[in-house]
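Visitor:
2 protein chains.
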Amino acid sequence: MPVLPNLNIVPFISVENMMDLVLSIGVETFLKELSTYIEADFRRWETFDKVPRIASHSREGVIELMPTSDGTLYGFKYVNGHPKNTRSGRQTVTAFGVLSDVDSGYPLLFSEMTILTALRTAATSAVAAKYLAPENADCMAIIGNGAQSEFQAIAFKALVGVRKLRLYDIDPHATERCAHNLQGLGFDIRACASSEEAVEGAHIITTATADKQNATILTDNMVGPGVHINAVGGDCPGKTELHRDILLRSDIFVEYPQQTRIEGEIQQMPADHPVTELWQVIAGLAVGRRSKDQVTLFDSVGFATEDFSALRYVRDQLAATGLYENLDLLADPDEPRDLFGMLLRRQALREQLASR
Amino acid sequence: MPVLPNLNIVPFISVENMMDLVLSIGVETFLKELSTYIEADFRRWETFDKVPRIASHSREGVIELMPTSDGTLYGFKYVNGHPKNTRSGRQTVTAFGVLSDVDSGYPLLFSEMTILTALRTAATSAVAAKYLAPENADCMAIIGNGAQSEFQAIAFKALVGVRKLRLYDIDPHATERCAHNLQGLGFDIRACASSEEAVEGAHIITTATADKQNATILTDNMVGPGVHINAVGGDCPGKTELHRDILLRSDIFVEYPQQTRIEGEIQQMPADHPVTELWQVIAGLAVGRRSKDQVTLFDSVGFATEDFSALRYVRDQLAATGLYENLDLLADPDEPRDLFGMLLRRQALREQLASR
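Protein chains in written order, with UniProt numbering: chain B, 1 to 356; chain X, 1 to 356.
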C-alpha cells in the first residue's frame with residue numbers, strides 16, 4: 001500500500017486568508033481571472049451534474065445547499081439568506097464551500113465563501129453582460145447599494161468597460177458608503193435621489209436589493225430601449241424586483257431554468273415563458289443581443305457551477321500564495337478499516353502522556 | 001446595534017478533538033448518551049423537514065449531502081462512500097457536518113463526522129434493536145468486520161445487553177483485528193470460519209459489509225425464527241446484502257421509506273412492499289416485535305436526523321470539555337452590509353504592517 005502523507009489534512013481558506021488572497025491578487029484582477037473560470041465552465045455546461053439547490057425555508061430566511069460535479073471534481077456551497085440579519089449585526093448572506101475529488105470522495109479544499117460568493121456573483125453578472133449589454137456600454141445604474149454593489153461595479157469595469165455609475169438605495173447611507181468605497185478606482189460616480197434618476201442614461205441597470213418580498217424596484221416606464229438589466233437581488237420564492245411588464249418586453253437569459261423558474265424574476269411568469277440559457281450564448285449555440293433596441297435581462301439567481309468555478313479558481317492559487325491553513329478534518333487510521341483501533345491508539349497515547 | 005463578539009468564529013471539532021471527546025466520555029457512555037438524543041429525535045419525527053439525501057454517483061462511489069431541520073436547528077452532513085478507497089490507504093466512508101441556527105442561518109458548529117458517523121450508525125442500530133430484538137437477546141453475529149463492527153458490538157452491549165459475539169469476514173485479518181480491538185470489554189468472542197457458523201445460535205445478525213454490489217451475505221436458510229437482522233451495509237442503489245427471500249419472511253422496519261426504497265435492502269422489492277417506520281415504533285404508534293418467532297429486519301441506510309442528533313449531542317459537550325478549535329469561517333464586517341469595506345480595511349492594515 002502506498003504511503004500517502006497527511007490524508008487527514010484538508011486546506012482551509014479562512015476569511016482572513018480569503019481577504020489576503022483577494023488583496024494580493026487585486027480585486028479587479030481576481031474578478032477578471034475568476035470570470036475566465038466561470039466562462040470556461042459555462043462553456044462545458046453539459047459535463048456538469050445539475051440539480052436545483054436544496055433549500056430549507058423558514059420564517060426569517062433560507063439555508064441552501066448547492067452541489068454540482070463535472071465527473072472529476074465535486075463541489076458544494078452552503079449559503080443562507082436572512083434579510084433581517086443586519087439588525088443583529090450579522091450578514092444577510094454567509095457561505096462556505098467544499099471542493100472534492102470525485103474518485104475518492106475526499107475533500108480537497110474547504111473555504112469561506114461569503115466574500116467569494118460576492119465575487120463570483122459579480123463576475124457572473126459581468127460575463128453575462130459581455131454577451132448581452134449594448135455595444136460600448138459605459139454607464140451603469142446600481143439600485144440597491146448593499147454588500148454586492150462594489151463588486152458588481154468593479155467586475156463591470158474590468159469586463160465590460162463601465163466607467164460611469166449611478167447609485168441609488170432607499171438608505172442614503174448605503175449609497176454614500178458604496179460611493180466612498182469606490183473612490184479612487186477610476187469611476188465617475190453620481191449618488192441619485194431616486195431609481196428614476198439613477199436609470200436615466202444608463203446602458204446597464206443592476207438591481208441588487210435584499211428584501212425578501214415581491215418588490216417593484218423597476219417599473220416598465222423606467223426601462224428604455226436597448227438597455228441590459230442585470231437582476232441580481234431576486235433569488236428565492238416570493239422575492240422579486242422587477243415589474244412583470246418588463247419581463248414581457250425583455251429577452252430573458254437565465255443560468256439553470258429549472259432553478260430560475262422557482263427563484264428568479266420569472267417566477268412571476270407561466271412555467272413555459274421563453275428563456276435562453278446563458279451557457280448556450282457563451283458556447284455560441286444561441287444568440288445573445290440581436291439588436292440595438294432590444295431589452296435584455298439576465299435573471300440571475302446564482303447557480304452551483306459558478307461556486308464550483310470559484311472554488312476551482314481559489315484552489316489553483318493555493319500553491320503560489322500559501323494562503324490557507326491545514327485542517328485536521330478526516331480520520332486517517334494507519335489501517336483504513338481500523339477506525340476503532342485509531343481510538344485505541346489515541347487512548348494509549350493519552351495514557352502515556354498522563355503518566356509522565 | 002448590539003455588539004456581538006466573534007460573529008466570525010465557528011467552533012470546529014477536528015478528528016483529534018473528536019477522539020479525545022469520545023475517550024474522555026468513554027465509548028460506551030458516549031453511545032448510550034448519543035442514543036438518547038437519537039431516540040428523542042425519532043420520537044418527534046414529524047417536526048423535521050425531511051428529504052432523501054442528495055447523491056452524486058460516480059464510477060467509484062458516491063458523495064452525498066444529508067440536510068434536515070427541526071425549525072430551530074438545521075444540520076447537514078457531507079459523506080462519501082468509495083469501497084475501493086482502502087486500496088490507496090483511504091477510508092471507505094469519510095464525513096463532516098454542520099449544525100446551524102435556523103433564525104440567522106449562521107453555522108453553530110463544524111465537525112468531523114467520520115468517527116461520529118460510525119458512532120451514530122451503531123447507536124441507531126442499537127436503538128432499533130431495543131424495540132425489535134427478541135427478549136434477552138445476548139448473542140450477536142457480525143458479518144463484515146470492518147470499520148463499523150466494533151462500534152456495533154459496543155452499542156449492542158450498552159443498549160441491548162449483547163455479551164456473545166460471533167464474528168465473520170471474508171478477510172480473516174479483519175475478524176482478527178475486530179476481536180483484538182474488543183478484548184477486555186467484557187465480550188465472549190468467537191471468530192468464525194463462515195457466515196453459517198457465525199449465525200448459528202445468534203439472536204441478532206448484523207451485516208456490515210462494504211462492497212458496492214448486490215451481494216448475498218445472508219441466504220434464507222441461515223435465518224432462523226425469532227431472529228432480528230440489523231442490515232447496515234446495504235446503503236445505496238445497487239448495494240444490498242440479503243437474499244430476497246429473507247425480505248419476504250421478515251417484518252421490515254426502516255428509517256425514511258422514501259430513501260430506503262432507493263438505497264436499502266428493499267430496493268429489491270416492489271415499491272409498495274409493506275414496511276414500518278421505526279419512528280412510529282419508538283413513538284408507540286406502531287408495534288415492533290409481535291411474537292417470539294417473528295423475523296424482524298432493520299433495513300438501515302442512515303438518515304439525516306441521526307446525524308442531526310449526533311451533532312446536537314456533541315455540541316452539548318463543547319462547553320464542558322472545551323474540545324474544539326475556533327474557525328475564522330464567517331465574514332464579519334463592522335457594518336454588516338459593508339463587505340467590500342472589510343476588504344479595504346484589511347488592505348489598510350496590510351499597508352500599515354508593511355510600512356513598519
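The C-beta atom is built at its ideal place from N, Cα and C for all residues, glycine as well.
Kindly say whether V51(X), judged by its beta-carbon, lies nearer than 9 Å to any beta-carbon of chain B.
Guide: Yes, V51(X) counts as interfacial toward chain B.
Visitor: Just to make sure I have the definition right: I need the residues of chain X whose C-beta is within less than 9 Å of the C-beta of L31(B). Which are they?
Guide: Correct list: empty, because the minimum Cβ distance to chain X is about 12 Å.
Visitor: Starting from R120(X), trace the beta strand (DSSP E) in both directions and tell me its first and last residue.
Guide: Taken as a continuous stretch (DSSP letters only), R120(X) belongs to no beta strand (DSSP E), being part of the alpha helix (DSSP H) at 114-132.
Visitor: With DSSP as the reference, label R44(B) as helix, strand or coil.
Guide: DSSP places R44(B) in coil when its eight states are reduced to three.
Visitor: Name, please, each residue of chain B whose Cβ falls closer than 7 Å to the Cβ of F42(X).
Guide: The premise fails here: F42(X) is roughly 20 Å from chain B at the closest Cβ pair, so nothing lies under 7 Å.
Visitor: What is the DSSP secondary structure of V27(X), counted as helix, strand or coil?
Guide: helix
Visitor: Please classify M1(X) as buried or exposed, where buried requires at least 16 other C-beta atoms within 10 Å of its C-beta.
Guide: Unreliable placement is indicated for M1(X), whose pLDDT of 38 sits below 50; the coordinate value is still reported in the next sentence. Exposed, because fewer than 16 other Cβ atoms sit within 10 Å of the Cβ of M1(X).
Visitor: Distance, Cα to Cα, F340(B) vs N181(X)?
Guide: Roughly 7 Å separates the two Cα atoms.
Visitor: Between the beta-carbon of L323(X) and the beta-carbon of N85(X), is there less than 9 Å?
Guide: no
Visitor: How about E306(X): is its C-beta nearer than 9 Å to some C-beta of chain B?
Guide: No, its Cβ sits nowhere closer than 9 Å to a Cβ of chain B.
Visitor: Check whether the stretch 64-76 of chain B touches the stretch 302-311 of chain B, taking contact to mean three or more Cβ pairs, one atom from each stretch, closer than 8 Å.
Guide: Yes, the stretch 64-76 of chain B touches the stretch 302-311 of chain B.
Visitor: How big is the Cα-Cα spacing for Q317(B) and S35(B)?
Guide: 15 Å
Visitor: Quick one: which residues of the stretch 135-157 of chain B get their C-beta closer than 7 Å to a C-beta of chain X? List them in chain order.
Guide: G146, A147, E150, F151
Visitor: Determine, using beta carbons only, whether I229(X) and S250(X) come nearer to each other than 9 Å.
Guide: Cβ distance < 9 Å, so I229(X) and S250(X) count as in contact.
Visitor: Listing by chain order, which chain B residues have their CB less than 8 Å from the CB of F76(X)?
Guide: L65, Y78
Visitor: At a CB distance below 8 Å, what residues from the stretch 327-343 of chain B approach chain X? Give them in sequence order.
Guide: Within the stretch 327-343 of chain B, the qualifying residues are L327, D328, L329, L330, A331, D332, P333, E335, P336, R337, D338, L339, F340, G341, M342, L343.
Visitor: Within 9 Å (strictly less), CB to CB, does E112(X) reach chain B?
Guide: yes
Visitor: Under DSSP, the alpha helix (DSSP H) around S56(X) begins and ends at which residues?
Guide: Run containing S56(X): none in the alpha helix (DSSP H); it sits in the beta strand (DSSP E), 54-57.
Visitor: So within the stretch 260-337 of chain B, which uninterrupted beta strand (DSSP E) runs reach at least 3 residues, ignoring any that extend past its ends?
Guide: 295-299, 325-328
Visitor: Would you kindly report the start and end of the unbroken alpha helix (DSSP H) that includes C178(X)?
Guide: 172-181
Visitor: Please state if the CB of I143(B) and the CB of I204(B) are separated by a distance shorter than 9 Å.
Guide: Inclusion of I204(B) and I143(B) in the CB contact set at 9 Å is not warranted, their separation being larger than that value.
Visitor: Between residue 360(X) and chain B, is any beta-carbon pair separated by less than 9 Å?
Guide: Because chain X here runs from 1 to 356, residue 360(X) falls outside it and cannot be looked at.
Visitor: Measure the alpha-carbon distance for G71(X) versus L167(X) and round it to whole angstroms.
Guide: 42 Å
Visitor: Tell me whether the stretch 101-110 of chain B and the stretch 128-136 of chain B touch, counting them as touching only if at least three CB pairs, one residue from each stretch, are closer than 8 Å.
Guide: no
Visitor: Alpha carbon to alpha carbon, how far is V27(X) from I154(X)?
Guide: 8 Å
Visitor: Thinking I281(X) and G288(X) are a contact (beta carbons under 8 Å), I'd like their distance in whole angstroms, please.
Guide: For clarity, residue 281(X) is Val in the given sequence; the question names Ile instead. About 4 Å separates the two Cβ atoms, so the contact holds.
Visitor: Would you verify that the beta carbon of Q352(B) is, or is not, closer than 9 Å to some beta carbon of chain X?
Guide: no
Visitor: Give me the chain X residues within the contact set of G238(B), using Cβ-Cβ distance strictly less than 7 Å, ordered along the chain.
Guide: Neighbours of G238(B) on chain X: none; closest Cβ ~16 Å, over 7 Å.
Visitor: Output needed for D245(X): all residues of its chain with C-beta closer than 7 Å, excluding positions within five of it in sequence on either side, in chain order.
Guide: D220
Visitor: Mapping the DSSP letters down to three states, classify L339(X) as helix, strand or coil.
Guide: helix
Visitor: Using alpha carbons as the reference points, say which of T240(B), K157(B), A95(B), P225(B) lies closest to L218(B).
Guide: T240(B)
Visitor: Using DSSP's beta-bridge definition, name the partner residues of H228(X).
Guide: I204(X), T296(X)
Visitor: Does DSSP classify T209(B) as helix, strand or coil?
Guide: coil
Visitor: So, is P225(B) buried or exposed, given that buried needs 16 or more other C-beta atoms within 10 angstroms?
Guide: exposed
Visitor: Could you pull the start and end residues of the beta strand (DSSP E) that A215(X) belongs to?
Guide: 214-218
Visitor: Hey, is I54(X)'s beta-carbon within less than 9 Å of any beta-carbon in chain B?
Guide: yes
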